[in-house]
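K.L.:
Below is the structure I would like to discuss, written out as structure tokens.
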Amino acid sequence: MTDGPLIVQSDKTVLLEVDHEQAGAARAAIAPFAELERAPEHVHTYRITPLALWNARAAGHDAEQVVDALVSFSRYPVPQPLLVDIVDTMARYGRLQLIKHPAHGLTLVSLDRAVLEEVLRNKKIAPMLGARIDDDTVIVHNSERGRVKQMLLKIGWPAEDLAGYVDGEAHPIELAQDGWALRDYQEMAADSFWAGGSGVVVLPCGAGKTLVGAAAMAKAGATTLILVTNTVAGRQWKRELVARTSLTEDEIGEYSGEKKEIRPVTIATYQVITRRSKGEYKNLEIFDTRDWGLIIYDEVHLLPAPVFRMTADLQSRRRLGLTATLIREDGREGDVFSLIGPKRYDAPWKDIEAQGWIAPAECIEVRVTMTDNERMLYATAEPEERYKLCSTVHTKIAVVRSILERHPGEPTLVIGAYLDQLEELGEELGAPVIQGSTKNAEREALFDAFRRGEISTLVVSKVANFSIDLPEASVAVQVSGTFGSRQEEAQRLGRLLRPKANGGGAVFYSVVSRDSLDAEYAAHRQRFLAEQVVGVFDDVPVTLLGPAI
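This is how it looks when you write it as structure tokens:
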């Protein structure tokens, strides 16, 4: 027995002792292939899933590295059957390959004949296949490339797609590295994506995912479609591309609720693409309007279902997914793997923080005791109203004011999900409120004023969660979230993780009502942060923040 920080169990769970001196090294070693499930104070629970192992395999990790990481850091002997299962599971990736045959077009080739026989006998997959060429090869209907990969993943035989890509319409793009250069990890991310041809790059918020996209565009030298979460994020992409590449304003089109421009580089919002008219997704035609050489999916963990369906038909085009987390609240991580591509590169949050590219973050949970009246309202409310009631209690407002008094003049975001609560906070704090209905021009003017330091506090609804660059925000106070969305927590902390001009760190406060659904959902959201950042949410007594409440 060694004194390692891990306990590896035969049910594929891995326990990590957070206070162990080797906990950080162990966490970094298992992060590529294990998913965090629970993160209370002292022991974190991870699970090793087939999809996590296949993603690790696609990103260049082999079974030997996985086994070595577990054995090296485990306190007790690792169960032998588990190690055998890991080796067997990882060996399944790539046993089937999609390859372009010179005479027959798209084919499925097996390095193991028995596996191909199993696939041919599957009633859902067989109709997608054509004639058998030889013992190891069968034709795949071109239009079924994406769906075949989805089905093969479901039956436990993820195919490696080596069938290649169309180049698309040529459009030279160069990085204008004038006084700046790609960071090492950005270059490695772009290279890993290009070598794999299609797939997902996982980088923390604030680590410059846009520049990885720009580097991929320069490698492709072709027309590019960029899909983003909202118009403000799209305009930020445009600003970055004009500043960092040879592209001009005229070469970049905006396809949003306000404009419908198709240019060599077109930036479209998920919302517009998935808008229905008489039951039809008419804007999905954007995928066919040009011979795109590259499609970039920003915040790929939010990709809406209709875009998945369209992406299944786009398998001959290079696809790059960018995200801070592969977690999807709808559980469709397998579809990202099959249709966008497997994980090609990920850089641990801590590594990038250590290099000084993102600000170190301190996470503090502040628990608020509801008044007797608020508790009674909560106790007697209908189940569907309870979360909103405990998230928006008036008691939180005095606590938020106390927190802001601890950080006078520091650029601060107050973030929540309920508009009436945010309006009340805006009024109490004398701060502007940005919500979904705020016009884009007004929103951008307020963001600019915040960046310039003319406004020190902004109250924002979840519109600020995605892709928006607020580099000088050093404090965030979360007053309510979207139930237990871990993605949302990651995005919110990402608003703070840009390196600060003064070299200082960031503080993330989560204000939570004690003994309520609010506290329960907050614990779920924090699982992701405990993994990525500090592993600590301090329960700070409210009395420390000002007058007792």
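Residue numbers (this note's numbering): 1094 to 1642.
C-beta: ideal position from N, C-alpha, C; glycine also.
Quick caveat: nothing in here was measured; it's all calculated off a predicted structure.
If I measure Cβ to Cβ from T1359 and keep anything under 6 Å in the same chain, skipping five residues before and after, which residues do I get?
P.N.:
Here residue 1359 refers to the residue found at position 266 when the sequence shown is read from its first residue. Cβ neighbours of T1359 beyond the five flanking positions: L1318, G1346, Y1348.
K.L.:
At which residues does the alpha helix (DSSP H) containing G1519 begin and terminate?
P.N.:
Indexing the sequence shown from 1 puts residue 1519 at position 426. Unbroken alpha helix (DSSP H) run through G1519: 1512–1522.
K.L.:
Leaving out five residues on either side along the sequence, give the residues of the same chain with a beta carbon under 6 Å from the beta carbon of G1097.
P.N.:
On the sequence shown, residue 1097 is found 4 positions in, with the first residue counted as 1. Cβ within range, chain order: F1166, S1167, R1168.
K.L.:
Shorter than 7 Å, the distance from the beta carbon of K1375 to the closest heavy atom of the ligand ZN, or not?
P.N.:
This structure lacks the ligand ZN; in fact it carries no ligand of any kind.
K.L.:
For Q1419, which three-state DSSP category applies?
P.N.:
Taking the first residue of the sequence shown as 1, we reach residue 1419 at position 326. For the record, residue 1419 in the displayed sequence is Leu; it is not Gln. Note: L1419 maps to coil in three-state DSSP.
K.L.:
Apart from the five residues on each side of it in sequence, which residues of its chain come closer than 8 Å, Cβ to Cβ, to F1401?
P.N.:
Locating residue 1401 in the sequence shown gives position 308, counting from the first residue. Hits under 8 Å: R1425, D1428, L1432.
K.L.:
Go to V1231, then tell me how far its beta strand (DSSP E) extends in each direction, as first and last residue.
P.N.:
Your numbering for residue 1231 matches position 138 in the sequence shown. Taken as a continuous stretch (DSSP letters only), the beta strand (DSSP E) holding V1231 covers 1230–1233.
K.L.:
Using the C-alpha atoms, what's the distance from Q1115 back to V1390?
P.N.:
Taking the first residue of the sequence shown as 1, we reach residue 1390 at position 297. Taking the first residue of the sequence shown as 1, we reach residue 1115 at position 22. The displayed chain sequence assigns Tyr, not Val, to residue 1390. About 36 Å.
K.L.:
Does the segment 1142–1156 come into contact with the segment 1181–1197, if we say contact requires no fewer than three beta-carbon pairs (one atom in each stretch) closer than 8 Å?
P.N.:
Touching, yes.
K.L.:
Quick one: is E1042 buried, meaning 16 or more other Cβ sit within 10 Å of its Cβ, or exposed?
P.N.:
Outside the shown range of the chain (1094 to 1642) lies residue 1042, about which nothing can therefore be said.
K.L.:
In three-state DSSP terms, what is F1055?
P.N.:
Outside the shown range of the chain (1094 to 1642) lies residue 1055, about which nothing can therefore be said.
K.L.:
Given a threshold of 16 other Cβ atoms within 10 Å of its Cβ, counted over all protein chains shown, does E1253 qualify as buried or as exposed?
P.N.:
Your numbering for residue 1253 matches position 160 in the sequence shown. So E1253 counts as buried.
K.L.:
DSSP three-state call for S1560: helix, strand or coil?
P.N.:
Reading the sequence shown from its first residue, position 467 is the one you call residue 1560. In this prediction, S1560 scores a pLDDT of 46, lower than 50, which makes its location untrustworthy; the coordinate-derived value is nonetheless stated afterwards. Here S1560 sits in coil by DSSP.
K.L.:
Once DSSP output is grouped into helix, strand and coil, what is the label at H1197?
P.N.:
Sequence index remark: in the sequence shown, residue 1197 carries index 104 (1-based). Coil, per DSSP.
K.L.:
Is it true that the CB of G1239 sits closer than 8 Å to the CB of A1405?
P.N.:
Here residue 1405 corresponds to residue number 312 of the sequence shown, with the count starting at 1. Here residue 1239 corresponds to residue number 146 of the sequence shown, with the count starting at 1. Yes; because the gap between Cβ atoms is below 8 Å, this pair is in contact.
K.L.:
State buried or exposed for H1487, treating a residue as buried only when at least 16 other CB atoms are found within 10 Å of its CB.
P.N.:
For the purposes of this step, residue 1487 is taken as the residue at position 394 of the sequence shown. Exposed, by the Cβ-count rule.
K.L.:
Return the chain-ordered list of same chain residues with a C-beta closer than 7 Å to the C-beta of V1643, the five sequence neighbours on each side being excluded.
P.N.:
Residue 1643 is absent from the model: the chain starts at 1094 and stops at 1642.
K.L.:
Pull up the CB-CB distance for K1443 and G1198, whole angstroms please, since I reckon it's below 8 Å.
P.N.:
In the sequence shown, residue 1443 corresponds to position 350, counting from 1. In the sequence shown, residue 1198 corresponds to position 105, counting from 1. K1443 to G1198, Cβ: 46 Å. No contact.
K.L.:
Am I right that E1458 and I1490 are in contact with their C-beta atoms under 8 Å? What's the rounded C-beta distance?
P.N.:
For the purposes of this step, residue 1458 is taken as residue 365 along the sequence shown, with counting starting at 1. For the purposes of this step, residue 1490 is taken as residue 397 along the sequence shown, with counting starting at 1. Rounded, the Cβ-Cβ distance is 18 Å, inconsistent with contact.
K.L.:
Mapping the DSSP letters down to three states, classify A1219 as helix, strand or coil.
P.N.:
In the sequence shown, the residue the question calls residue 1219 occupies position 126. Helix, per DSSP.
K.L.:
In terms of residue numbering, what span does the beta strand (DSSP E) encompassing E1347 cover?
P.N.:
Working through the sequence shown from its first residue, we reach residue 1347 at position 254. Looking at the DSSP string, the run of the beta strand (DSSP E) that includes E1347 is 1345–1348.
K.L.:
Have a look at P1441 and A1124 and give me their C-alpha separation to the nearest angstrom.
P.N.:
Within the sequence shown, numbered from 1, the residue matching residue 1441 stands at position 348. Within the sequence shown, numbered from 1, the residue matching residue 1124 stands at position 31. If you take the alpha carbons of P1441 and A1124, they lie about 8 Å apart.
K.L.:
S1573 and T1485 look like a contact to me (Cβ under 8 Å); what is the Cβ gap, rounded to whole Å?
P.N.:
On the sequence shown, position 480 is the one that residue 1573 refers to. On the sequence shown, position 392 is the one that residue 1485 refers to. The Cβ separation is near 6 Å, so the contact holds.
K.L.:
Applying the criterion that 16 or more other CB atoms from any shown protein chain within 10 Å of the CB defines a buried residue, is I1655 buried or exposed?
P.N.:
An answer regarding residue 1655 cannot be provided, because it is not within the stretch 1094 to 1642 covered by the chain.
K.L.:
In or out: E1446 buried (at least 16 other Cβ within 10 Å) or exposed?
P.N.:
Taking the sequence shown and counting its residues from 1, one reaches residue 1446 at position 353. Classification of E1446: buried, given that the 10 Å Cβ count is 16 or more.
K.L.:
Is the CB-CB distance between V1507 and T1550 below 8 Å?
P.N.:
For the purposes of this step, residue 1507 is taken as the residue at position 414 of the sequence shown. For the purposes of this step, residue 1550 is taken as the residue at position 457 of the sequence shown. Their beta carbons are under 8 Å apart, which means V1507 touches T1550 by this criterion.
K.L.:
So, V1180 versus A1156, is the Cβ gap smaller than 8 Å?
P.N.:
Along the sequence shown, one-based indexing puts residue 1180 at 87. Along the sequence shown, one-based indexing puts residue 1156 at 63. Against a cut-off of 8 Å, the Cβ pair of A1156 and V1180 comes out as a contact.
K.L.:
Which residues does DSSP pair with T1138 in a beta bridge?
P.N.:
Locating residue 1138 in the sequence shown gives position 45, where the first residue counts as 1. L1108, R1131.
K.L.:
Mark D1611 as exposed unless 16 or more other C-beta atoms lie within 10 angstroms of its C-beta, in which case mark it buried.
P.N.:
Looking up residue 1611 in the sequence shown gives position 518. Classification for D1611: buried.
K.L.:
With a CB to CB cut of under 8 Å and the five nearest residues on each side skipped, what residues in its chain are close to K1331?
P.N.:
Here residue 1331 refers to the residue found at position 238 when the sequence shown is read from its first residue. Contacts found: E1342, I1345, E1347, I1360.
K.L.:
Just verifying my parser: in three-state terms, what is the DSSP assignment at K1532?
P.N.:
Position 439 of the sequence shown, counted from the first residue, corresponds to residue 1532. In this structure, K1532 counts as coil in the three-state DSSP scheme.
K.L.:
Measuring alpha carbon to alpha carbon, tell me which residue in D1227, V1177, H1194 is nearest D1205.
P.N.:
By one-based count along the sequence shown, residue 1205 stands at place 112. Nearest C-alpha to D1205: D1227.
K.L.:
DSSP on K1352, reduced to helix/strand/coil?
P.N.:
By one-based count along the sequence shown, residue 1352 stands at place 259. In this structure, K1352 counts as coil in the three-state DSSP scheme.
K.L.:
Just the C-alpha distance for K1352 and P1195, rounded to the nearest angstrom, thanks.
P.N.:
As a first step, residue 1352 is located in the sequence shown; it is residue number 259 there, counting from the start. As a first step, residue 1195 is located in the sequence shown; it is residue number 102 there, counting from the start. Straight-line Cα distance between these residues: approximately 43 Å.
K.L.:
Out of E1267, Y1374, E1392, state which residue places its alpha-carbon closest to the alpha-carbon of V1293.
P.N.:
Your numbering for residue 1293 matches position 200 in the sequence shown. Comparing Cα positions, the closest option is E1392.
K.L.:
Could you tell me how far apart the beta carbons of F1380 and M1403 are, in whole angstroms, since I believe they sit closer than 8 Å?
P.N.:
The count along the sequence shown starts at 1 and reaches residue 1380 at position 287. The count along the sequence shown starts at 1 and reaches residue 1403 at position 310. With a Cβ gap of about 6 Å, F1380 and M1403 count as contacting.
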